[in-house]
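J.:
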Amino acid sequence: MSNKKLNIQITSHAEKVIRERGILEEVMGILEEINLDPNMFFRNAHKNLKLKSPSGDHNFEPYVFMIDDFRLVFFLNKSNNDLMLVTAINLPEFKKSVMHE
Numbered sequence: 002m003s004n005k006k007l008n009i010q011i012t013s014h015a016e017k018v019i020r021e022r023g024i025l026e027e028v029m030g031i032l033e034e035i036n037l038d039p040n041m042f043f044r045n046a047h048k049n050l051k052l053k054s055p056s057g058d059h060n061f062e063p064y065v066f067m068i069d070d071f072r073l074v075f076f077l078n079k080s081n082n083d084l085m086l087v088t089a090i091n092l093p094e095f096k097k098s099v100m101h102e
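Numbering of the sequence shown is given in the numbering used here, commencing with residue 2 and proceeding in unit increments.
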């Protein structure tokens, strides 16, 4: 765990999903907290090796960040500390949608 600043980026897919789910404000708040305290990310995130980088690049480590009812999926580029948000899930909403299908 390092105190290095993380360069947080959001994929267009993640932005679309976050807006559609109406959780933009919550997610932006979480990203701001991570920006202020990068160690907070590592305290709340778990490496998930089942997730694979789209490019197959081994410099990218997959993480699932868990806080409150949210799960944010990131890829961390180990070479430059870029933290890419790829999607976000609000668990209560997700569970409701799964139950209805």
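For each residue, glycine too, the CB sits at the ideal point set by N, CA and C. Since the structure is predicted, the reported quantities are computational estimates derived from the model, not experimental observations.
Between which two residues does the beta strand (DSSP E) carrying L86 extend?
T.: Numbered from 1 along the sequence shown, position 85 holds the residue referred to as residue 86. It spans D83 to N91 - the beta strand (DSSP E) in which L86 sits, taken as one unbroken run.
J.: What does DSSP give as the partner residue(s) for K96 in the beta ladder?
T.: Here the question's residue 96 lines up with position 95 in the sequence shown. According to DSSP, which records beta bridges pairwise, K96 is partnered with nothing at all.
J.: Just to confirm the assignment, what range does the alpha helix (DSSP H) spanning I24 have?
T.: Position 23 of the sequence shown, counting from 1, holds the residue named residue 24. Neither: I24 is in no alpha helix (DSSP H) and is coded neither H nor E.
J.: Where DSSP assigns a beta bridge to K48, which residues make up the other side?
T.: Numbered from 1 along the sequence shown, position 47 holds the residue referred to as residue 48. According to DSSP, K48 bridges with Y64.
J.: Who are the Cβ neighbours of L32 in its own chain at under 6 Å, not counting the five residues just before and after it?
T.: As a working note, residue 32 is residue 31 in the sequence shown. Correct list, in chain order: I9.
J.: For L50 versus P39, is the C-beta spacing smaller than 8 Å?
T.: The residue given as residue 50 occupies position 49 in the sequence shown. The residue given as residue 39 occupies position 38 in the sequence shown. No, Cβ-Cβ distance for L50 and P39 is not below 8 Å.
J.: Quick one: Cα of M2 to Cα of R22, how far?
T.: Reading the sequence shown from its first residue, position 1 is the one you call residue 2. Reading the sequence shown from its first residue, position 21 is the one you call residue 22. Bear in mind that the predicted position of M2 carries a pLDDT of just 46, short of 50, making it unreliable; the figure below should be weighed with that in mind. Distance between the alpha carbons of M2 and R22 is about 31 Å.
J.: What are the boundary residues of the beta strand (DSSP E) that includes L73?
T.: Position 72 of the sequence shown, counting from 1, holds the residue named residue 73. Run containing L73: F71 to N78, per the beta strand (DSSP E) assignment.
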